[in-house]
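Below: one structure, written as structure tokens.
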Amino acid sequence: MRTEVAIVGAGPAGLLLAHLLAADGVDSVVVETRSKAYVAARIRAGILEHSSVELLRSAGLGANIDAHGDEHRGIYLQWPGERHHLDFVDLVGRSVWVYGQTQVQADLHAAAEAAGRQVVYEAQDVALHDLESERPFVTFTDATGAEQRLDADVVVGCDGSFGPSRSAVPEAKRETWERVYPYSWLGILADVPPSTDELIYAWHPDGFAMHSMRSATVSRLYLQVPNGTDVADWSDDRIWEALSTRLGASQEGWELRTGAITEKSVLPMRSFVQQPMRYGRLFLAGDAAHIVPPTGAKGLNLAIADVALLAPALVSLLRKHDATLADAYSETALRRVWRCEHFSWWMTSMLHQSGDAFDAQLQLSQLRWVTSSTAGAAGLAENYAGLPLGF
Ligand code: RFL
Ligand code: PHB
């Protein structure tokens, strides 16, 4: 097989890149190791930044966001006895949207199918070759067991945190940074209308809790739990009780509605960056290059921002033989990556129980400041609602 851009991974980064390239007439083939059904069912992010929504709209992918998404002006931050609303629109003039990653993924699938774009699912032993040459290629075994070779002008690694692209960069040519947090999230999806109009991020002595949502009838909630927690130890009753306590049930008459839990999982929290995001004819985008803990709602948005930058760079490289944008890609993308790394670490550190009683007092002081000072609140709002693309 031959194409212009070989894309490894059919997550949001890979499928959106294929979509943006096609809009400028650049061909690509996406190679994905999982099945189509598996990729479609993965439950992950829930919040789109202002600039992600603008980009998806300008790419012709906004219709379902406008029809089914829910625009939020801000979030609630709380600790026992106090709940404060931060209004991002008042503070920085930008909102966010509740629109699940599964929905983004479904929109991208539908667009790929409508356009007849090639996505190869269930590819095994995916390997990247000759990345320093002008003729890189990707090999894999397809679902029928046949060996395949995909030749391309450029390879883009959109294969998330466990794919082969990141480590295809020789060790001597890459630098990495990592922070593993001493806690995880237990996440649930429940068939129950949200008990709040906008997301609640709660500091609590028992551990962090968050109330998010997917629709008027589906809630998404999270609890801080120790690393290594087994979901089997958390019955539905235990989960609802902990959520109610940490989210402040009975505080000023507020109660948490409970309902049938349809999904339960434990996710570890990690920060990670690999740079540069380019090696020869290999470019990295999304989780393949960087991971953030979910507290800042940045992972999906960063993946979108990366490909928004990469698509025009590849079009210029392949159509006009102008490498200026491609050469600048890594450095430009990393400015936003590190901003989001810092914000995600900061939100995580401010809200989770870790450390001693002194740390807890520092967290509470920080929370009081961001909820009472306009300058403090605007800093959080600017980062959460997202800096403009190109920052
Ligand atoms: P993905 O979505 O992981 O897609 C990578 C794809 O590559 C495939 N792959 C391979 N393909 C071919 N060959 C191989 N050898 C391969 N190995 C892997 C994988 O099967 C997969 O299909 O990465 P991408 O596209 O970079 O997108 C990144 C986002 O998925 C991720 O950052 C977010 O989900 C993070 N995240 C959140 N981000 C937000 O912006 N807002 C949120 O509210 C938010 N909440 C979350 C999250 C992530 C979570 N989890 C489970 C990690 C909440 C959760 C619970
Ligand atoms: C979610 O809805 O899954 C979600 C929302 C905000 C976050 C993390 C996850 O910070």
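Going by the numbering used here, the sequence shown opens with residue 2, and the numbers climb by one from there. For each residue, glycine too, the CB sits at the ideal point set by N, CA and C.
Checklist entry - With a CB to CB cut of under 7 Å and the five nearest residues on each side skipped, what residues in its chain are close to L390? => result S52, L56, A306 and A309
Next on the checklist: So V27 and E5 are supposed to be a Cβ contact under 8 Å. How far apart are they, rounded?
Outcome noted: 5 Å
Checklist entry - Can we count A14 as close to the ligand RFL, meaning its CB is less than 6 Å from some heavy atom? => result yes
Item to check | Nearest neighbour of W178, chosen from T349, G10 and V338 [CA to CA] | outcome: V338
Next on the checklist: Using the Cβ count rule (16 or more neighbours within 10 Å means buried), how would you classify F344?
Outcome noted: buried
Next on the checklist: Once DSSP output is grouped into helix, strand and coil, what is the label at Y100?
Outcome noted: coil
Checklist entry - How many angstroms separate the CA atom of R45 from the CA atom of G208? => result 21 Å
Checklist entry - Using the beta-carbon count (16 or more within 10 Å), is H322 buried or exposed? => result exposed
Checklist entry - Any heavy atom of the ligand PHB closer than 6 Å to the Cβ of G47? => result yes
Checklist entry - In three-state terms, what does DSSP make of K265? => result strand
Checklist entry - For the alpha helix (DSSP H) that contains G377, what are its first and last residues? => result T375 to A386
Checklist entry - In terms of DSSP beta bridges, what is V9 paired with? => result V32 and G158
Next on the checklist: Could you give the first and the last residue of the continuous alpha helix (DSSP H) run that contains P195?
Outcome noted: From DSSP, P195 is part of no alpha helix (DSSP H); its letter is neither H nor E.
Item to check | S166 (DSSP reduced to helix, strand or coil) | outcome: coil
Next on the checklist: Measuring only the C-alpha atoms, how far is S272 from P183?
Outcome noted: 12 Å
Checklist entry - Among W80, Q149 and L49, which residue has its Cα nearest to the Cα of K299? => result L49
Next on the checklist: Closer than 8 Å is the cut-off here; do at least three beta carbon pairs connect the region 92-101 with the region 212-227?
Outcome noted: yes
Checklist entry - Looking at I201 and I262, is the spacing between their C-beta atoms short of 7 Å? => result no
Checklist entry - Quick one: what's got a C-beta closer than 8 Å to G380's C-beta in the same chain, skipping five residues either side? => result V371
Next on the checklist: Counting only beta-carbon separations shorter than 7 Å, does R271 have a partner in chain C?
Outcome noted: Here there is only one protein chain, and chain C is not present.
Checklist entry - Near E199, which residues of its chain fall below 8 Å by C-beta distance, leaving aside the five closest residues on each side in sequence? => result H73, R74, G75, I76, Y77 and H86
Next on the checklist: If you follow the alpha helix (DSSP H) that W241 is in, where does it begin and where does it stop?
Outcome noted: D237 to R247
Next on the checklist: Using C-beta distances below 6 Å, list every residue in its chain close to S245, excluding the 5 sequence neighbours before and after it, in chain order.
Outcome noted: L257
Checklist entry - If you check the beta carbons only, do A286 and A14 fall under 7 Å apart? => result yes
Next on the checklist: Quick check: the Cα distance between S251 and A210, rounded to an integer number of angstroms?
Outcome noted: 16 Å
Item to check | Bounding residues of the beta strand (DSSP E) (the contiguous stretch that carries S355) | outcome: It is not in any beta strand (DSSP E) - S355 carries neither H nor E in the DSSP assignment.
Checklist entry - Between the beta-carbon of A222 and the beta-carbon of A243, is there less than 7 Å? => result At residue 222 the sequence reads Leu, which differs from the Ala that was named. Their beta carbons are not under 7 Å apart, which means L222 does not touch A243 by this criterion.
Item to check | Three-state class that DSSP yields for F209 in the structure shown | outcome: coil
Checklist entry - For M270, which of helix, strand or coil comes out of DSSP? => result strand
Item to check | Burial state of L17 (16 or more Cβ within 10 Å) | outcome: buried
Checklist entry - Going by beta carbon distance, what residues of the same chain come within less than 7 Å of A19, once the five residues before and after it are set aside? => result I8, S29, V31, A113 and R118
Checklist entry - Which residue comes first and which comes last in the alpha helix (DSSP H) that contains R58? => result H51 to S59
Checklist entry - So is N228 buried or exposed if we call it buried at 16+ other beta carbons inside 10 Å? => result exposed
Checklist entry - In terms of alpha-carbon separation, which member of R282, H291, R336 and P295 lies closest to A314? => result R282
Item to check | H85 - partner residues in DSSP beta bridges | outcome: L78
Checklist entry - Just to check, is the beta-carbon of N384 closer than 6 Å to a non-hydrogen atom of the ligand RFL? => result no
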